[in-house]
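To start, the structure under review is shown below, and the notes come after it.
Numbering (our numbering), first residue to last: 48 to 256.
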């Protein structure tokens with residue numbers, strides 16, 4: 048940000064910065080919350096996307112309820128949490144979602160299952176993986192109520208670490224549920240990173256063959 052500010056600030060140029068405060072809080076992704084806040088303070092005009100085209104209205108309402116019951120859900124007052132507005136379109140829920148089923152649910156492991164596990168992170172992670180896989184298996188196979196089974200391709204499990212993804216994959220495999228692992232890997236191992244390194248080196252040392 049310091050580089051862009053030095054290049055463009057106070058000159059007859061235009062600079063558009065696209066920021067997402069809810070992404071800026073993810074320090075484990077290398078995000079820098081305070082750089083975002085500094086840029087927001089120094090930029091004169093702000094524009095905000097007010098419509099969500101990715102989720103149905105029921106899910107958006109649930110998320111609004113979760114994050115708006117406190118005045119500062121992200122602790123820092125400068126990170127707002129305006130209500131998400133659904134796009135003006137007719138929702139078409141998937142056929143495997145029961146009309147009376149909540150669009151947003153939180154599942155808890157039984158306390159008895161965690162006895163002794165709080166002292167072992169690996170055991171806790173294993174219990175969470177198996178519990179998640181069991182819930183997915185029930186959705187894929189149907190729960191006996193006559194509902195349409197959910198296809199495995201419509202389910203995604205988001206994790207923080209690759210090892211957690213491998214645990215989920217093993218638990219699903221043990222239950223016979225089809226799965227694939229989307230391993231993003233290290234961005235610096237990509238061929239594009241090597242190309243960018245060559246370009247940057249050429250710019251920094253143009254006299255070196």
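Positions of the beta carbon are idealized from the N, C-alpha and C atoms, including for glycine.
Between the C-alpha atoms of residue i and residue j, what's the straight-line distance to the nearest angstrom?
i	j	result
residue 94	residue 65	9 Å
residue 130	residue 89	25 Å
residue 52	residue 77	20 Å
residue 238	residue 215	29 Å
residue 252	residue 243	14 Å
residue 108	residue 189	26 Å
residue 148	residue 154	14 Å
residue 221	residue 185	14 Å
residue 50	residue 56	10 Å
residue 157	residue 206	21 Å
residue 123	residue 254	48 Å
residue 199	residue 211	19 Å
residue 172	residue 223	20 Å
residue 248	residue 256	11 Å
Under three-state DSSP, which class holds residue i?
i	result
residue 133	strand
residue 88	helix
residue 111	helix
residue 233	coil
residue 245	helix
residue 98	strand
residue 187	helix
residue 120	coil
residue 173	helix
residue 49	helix
residue 152	coil
residue 127	coil
residue 82	helix
residue 55	helix
residue 147	coil
Count the other CB atoms, across all protein chains shown, that sit within 10 Å of the CB of residue i; report buried if there are 16 or more and exposed otherwise.
i	result
residue 187	buried
For residue i, which residues in the same chain have their Cβ closer than 7 Å to its Cβ, ignoring the five residues on either side in sequence?
i	result
residue 106	150, 151
residue 82	48
residue 84	125
residue 234	240
residue 204	179, 215
Spatial neighbours of residue i within its chain, please: CB distance less than 6 Å, with the 5 preceding and 5 following residues excluded, ordered by chain position.
i	result
residue 175	none
residue 98	132, 134
residue 218	176, 177, 180
residue 87	none
residue 226	216, 219
Kindly indicate if chain B contains any beta-carbon less than 8 Å away from that of residue i.
i	result
residue 243	Among the chains in the structure shown there is no chain B, since it carries only a single protein chain.
Who are the near neighbours of residue i in its chain, counting only those whose CB is closer than 8 Å to its CB and skipping five residues on each side?
i	result
residue 202	183, 186, 187
residue 213	228
- prompt: Which parts of the region 197-236 are runs of the alpha helix (DSSP H), unbroken and 4 residues or longer, counting only runs that do not cross its ends?
  reply: 209-221
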